[in-house]
Each structure stands twice: as C-alpha cells, then as structure tokens.
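Chemist: Numbering (UniProt numbering), first residue to last: 1 to 417.
My structure is below; once you've seen it, I'll send some questions.
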Amino acid sequence: MQTACSKLKFKFRYGKIFSTRYRGKTLVISADPEFNRFVLQNELTLFQNDLPFGFKAFMGEGNLPFLAGEAYRSKKSLMVAFLNSWQIQTRFFVDVEEAAKAVMTSWRHRSQILADEEVNKFLFNISIKKALGMTPDDPEVEELRKAFIAANDGFYAAPISLPFTRYSKALKARDIICSIVKRKVEDRKLSGDNIDEKENDLLWYYLKNNPLASMQNICDAVIGFIFAALLNTQNTISLATYLLGQCPKSLRQLKDEFKQNDTDTLANLTWDAYKNMEFCQSVINETLRLGNIVPRLWRKTLSDINYKGYIIPQGTTVMTHIAAMHLDPSAFENPNIFDPWRWLAIKKSNNWMPFGGGLRHCLGSEIARIEIAVFLRRLILNYDYELVESDQPVASPLVTFSTGLPIRIHPVVEMAP
Numbered sequence: 001m002q003t004a005c006s007k008l009k010f011k012f013r014y015g016k017i018f019s020t021r022y023r024g025k026t027l028v029i030s031a032d033p034e035f036n037r038f039v040l041q042n043e044l045t046l047f048q049n050d051l052p053f054g055f056k057a058f059m060g061e062g063n064l065p066f067l068a069g070e071a072y073r074s075k076k077s078l079m080v081a082f083l084n085s086w087q088i089q090t091r092f093f094v095d096v097e098e099a100a101k102a103v104m105t106s107w108r109h110r111s112q113i114l115a116d117e118e119v120n121k122f123l124f125n126i127s128i129k130k131a132l133g134m135t136p137d138d139p140e141v142e143e144l145r146k147a148f149i150a151a152n153d154g155f156y157a158a159p160i161s162l163p164f165t166r167y168s169k170a171l172k173a174r175d176i177i178c179s180i181v182k183r184k185v186e187d188r189k190l191s192g193d194n195i196d197e198k199e200n201d202l203l204w205y206y207l208k209n210n211p212l213a214s215m216q217n218i219c220d221a222v223i224g225f226i227f228a229a230l231l232n233t234q235n236t237i238s239l240a241t242y243l244l245g246q247c248p249k250s251l252r253q254l255k256d257e258f259k260q261n262d263t264d265t266l267a268n269l270t271w272d273a274y275k276n277m278e279f280c281q282s283v284i285n286e287t288l289r290l291g292n293i294v295p296r297l298w299r300k301t302l303s304d305i306n307y308k309g310y311i312i313p314q315g316t317t318v319m320t321h322i323a324a325m326h327l328d329p330s331a332f333e334n335p336n337i338f339d340p341w342r343w344l345a346i347k348k349s350n351n352w353m354p355f356g357g358g359l360r361h362c363l364g365s366e367i368a369r370i371e372i373a374v375f376l377r378r379l380i381l382n383y384d385y386e387l388v389e390s391d392q393p394v395a396s397p398l399v400t401f402s403t404g405l406p407i408r409i410h411p412v413v414e415m416a417p
C-alpha cells in the first residue's frame, strides 16, 4: 500500500559510495551493503565509532558506543550476561506484557489518545523497571521520563553551552538522571546483602558484578540502557501503528494471526506463540525497513584504508547509510511501499541491517522485537483504532510524528482491571 513513507526516497546520483565535504572535512557516504558490512565488521581494527558530540556528552564516555579494546569487551560481556536468553524469555517477557496491559487499561474511559506518547510510557515503564527496579507509581519516574525526552532533543544539536540551547538542556537532564541514580545506588548499598535477588535489575546486577565501578560509570550504564531501550523502539512501534492504520488488509491479517495463536485476548503472549507469528514478524521487518531504528552509522578510519583500489585516508568519517540500503529498488521491489507480505518470501537480504552489524550489533534486538509484538497484539485485540489526522512520519533523522500520532480508539473487549 502507498503511504507517506513514499516520500522517503533515495536517488543514487553519484553511485552507492561517494565522498563529499561536511563541516569542512571529507565524508564518505555509502549505501553499498558490501562496503557497509566491511566497515562494521572491522570495528576497532580499521574503524572506530564517530557519533555526534551530543551523544557522548549526554550518554557518557563510559558507554559501550564510546569504548574500545578491553574496556569495551568487559562491559559488553556484562551486558550480554544480563540480557541472557533465559531472562528475555521469562522475566522480561512478563514485564513487557504487564507494562502493555497497564498502559492500555488506562485508556478504558478515553476515546482518543496520542499513540506516540503512550508508546513512550509503555517502553519507559519497562526500561525503568529493568534498569532501576522502579514502578510507574514511583514519584520520580515521571521526572526521569521527561528528562530523557529533553535529552533526546539535544542529541543532534550544536554543542553550545548556553542556558536556552537544546544541548544545554540535554546536559541538565543528564544531571537530573544521575542524581536519581545516585540516590538509588546509596539505597542499595545501605541495604547490603538484603537486596532482593528476584528483582535482578541492571543496577543490582551492576553493583554485584562490578562493585568498584565509579558513580559516573554506573550512571553511564543506566542512561545507555534506558536510552537504547526507549528511543528507537518507540519510533518503530508508532510507525507500525500508523502503517497498519493506513493498510486495513494487513491489520485484519495480523489480527487474525493473533487470534489463531491465542483465543484468550486477555491472556499474556507466550514465547512459543510469539515465535510462531510469521505475519507479525513480517510486519515488524517491514516497519524496521521503512522506519530504520538506526538510519545511519558513523565511523572514522584508524589508518589509511585500501578498499578495492580506493584509498580512504586516516581520520576520514564514513557514514554507512542503512536507510538508503533499505530503500534500494535493486534490493526491494517498490521499496517505498508498505508491503509486509514481501517478508514471507524473503529469507535473507544483504541489504537488511536494521540493528547494525559487526561487534556493535544491537544487543537488544530480540527485546525490541518482543516489545513491538506485544504492544501491537494488545492494541489490536483490545481496541479498534483509526488515524485521526494526517499526521505523517517525518525523518529528522529518526522517524517521528509532529503531532504525536493521534488515534481514535474503540474497546472491543472488557479489559481486566
């Protein structure tokens, strides 16, 4: 179906790999899947991360995107252990279901919602519980949520430290977050060995496995975890809601699949049912292709690099343009059209890199897919919905909605209290 995403077009006027000048420096831009995989698979040996300055200022230099060598391997192994498959399939799955149920139950007496804001609440409630063991009724949760929203606005802003700038507001938001994290750390340390291991949140896990970590490193870890769990997945769920709302055929087929896998619309989704939902996975894939959790990745060469006879000088910034790969007509027929059925035939594509690649492939990719599936299932089985206004997705650079994606909702079942 033709959607507003048809405006997201890329013309390869200079080929799929070309160089230009950006802020007075050479920038190599690539939409070539082979070269992009070469770049990402040679992370830490030929290339290093080169994110915009605002990311580092807010997230902290102790976060995974800014680490290398042993520091990177050590922190990554800790996060991989925390996000193990048993955690994902049991505790995390339950938390996602409970968060979706809580958010959608709050809609019972409403006829219209801002879908993007509700998705933000859903994801934030999950991430704040897994990071700090906090629940939505904690008085500091809303303060934290607003701080992360303010920080997000400053990621791509010019690094100008004046009180009225978005960059300065992002740094202030970091201070607010770190002050709350510090209080939580002090509370945990005071409780000592009486910490309830059943909670097993990131803060507990970090203090147990990295007891000598500085307060700044702990804050960096919490911010990085919540940011990764929140921002990009929010855009994907909101976009899926929009695309399905514009394509009744796909919405009906997805609803039928949800009903076939579980006749009890109030019951929690099981892991086996989730893995068997083929069309749901196709909808997720197509939304990721059009929306791009990571539209582009920035790297910098560590030395002169010879790639097929072309020399890329040391210190050159390379942009792997994932969004352009996903909208390449030579890889995807009618690439600007929302067509989830294409994924019933496609098993593998070299142009498919929604979660990055190489050493820095997204650790939470399966978690993100679970969150998308659970939210859509709860929404579609419990409510009929329709788009209220022509609020179209805008890439800036991530896909967002200018008016928050208003939708009109009609309950179809009596939800559990």
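Quick reminder that beta carbons are idealized off the backbone N, C-alpha and C, glycines included.
Quick caveat: nothing in here was measured; it's all calculated off a predicted structure.
Is the number of C-beta pairs between the region 374-384 and the region 267-285 that are closer than 8 Å three or more?
Modeler: yes
Chemist: Just to confirm the assignment, what range does the beta strand (DSSP E) spanning Leu381 have?
Modeler: No beta strand (DSSP E) contains Leu381, which is instead part of the alpha helix (DSSP H) from Ser365 to Asn382.
Chemist: Buried or exposed, going by whether 16 or more other CB atoms sit within 10 Å of the CB of Phe164?
Modeler: exposed
Chemist: Return the chain-ordered list of same chain residues with a C-beta closer than 6 Å to the C-beta of Asn36, the five sequence neighbours on each side being excluded.
Modeler: Ser30 and Thr320
Chemist: Output the boundary residues of the beta strand (DSSP E) element that contains Val399.
Modeler: If you look at Val399, you'll find it in the beta strand (DSSP E) that goes Val399 to Phe401.
Chemist: Tell me which same chain residues have a C-beta within less than 6 Å of the C-beta of Asn217, skipping the five on either side of it?
Modeler: Gly62
Chemist: Indicate the three-state DSSP secondary structure (helix, strand or coil) for Pro406 in the structure shown.
Modeler: The DSSP-derived three-state label of Pro406 is strand.
Chemist: State the Cα-Cα distance for the pair Arg21 and Leu27, rounded to the nearest angstrom.
Modeler: 6 Å
Chemist: Rounded to whole angstroms, what is the Cα-Cα separation between Ser74 and Val94?
Modeler: 29 Å
Chemist: Once you ignore the five residues that flank Leu144 on each side, which residues in its own chain have a CB closer than 7 Å to its CB?
Modeler: Cβ-Cβ distances below 7 Å link Leu144 to Ile128, Ile177 and Ile180 in the same chain, with the five nearest sequence neighbours on each side left out; the list follows chain order.
Chemist: In or out: Gln112 buried (at least 16 other Cβ within 10 Å) or exposed?
Modeler: exposed
Chemist: I'd like to know whether the C-beta atoms of Thr287 and Leu243 end up nearer to each other than 9 Å.
Modeler: yes
Chemist: Pick from Met79, Glu97, Arg23 and Ala57: whose alpha carbon is nearest that of Thr270?
Modeler: Glu97
Chemist: Whole angstroms is fine: what's the gap from Val185's alpha carbon to Asn200's?
Modeler: Our two residues, Val185 and Asn200, have alpha carbons roughly 14 Å apart in a direct line.
Chemist: Please determine, among Arg296, Lys348 and Pro335, the residue with the shortest C-alpha to C-alpha distance to Ala323.
Modeler: Arg296
Chemist: Report yes or no: do the region 302-310 and the region 363-370 share at least 3 C-beta pairs separated by less than 8 Å?
Modeler: no
Chemist: Taking Cβ to Cβ, would you say Asn292 is nearer than 9 Å to Leu398?
Modeler: yes
Chemist: Leu387: which of Asp116, Asn232, Ile226 and Ile346 sits nearest, CA to CA?
Modeler: Asp116
Chemist: Taking the Cβ atom as the reference point for each residue, do Val80 and Leu363 lie within a distance shorter than 9 Å?
Modeler: Contact flag set, yes.
Chemist: Looking at the structure shown, is His361 part of a helix, part of a strand, or coil, going by DSSP?
Modeler: coil
Chemist: What does DSSP give as the partner residue(s) for Ile312 in the beta ladder?
Modeler: In the DSSP assignment, Ile312 is bridged to Ile305.
Chemist: Per DSSP, what are the beta-bridge partners of His326 in this structure?
Modeler: According to DSSP, His326 bridges with nothing at all.
Chemist: Tell me whether Gln392 sits in a helix, a strand or coil according to DSSP, three-state version.
Modeler: In this structure, Gln392 counts as coil in the three-state DSSP scheme.
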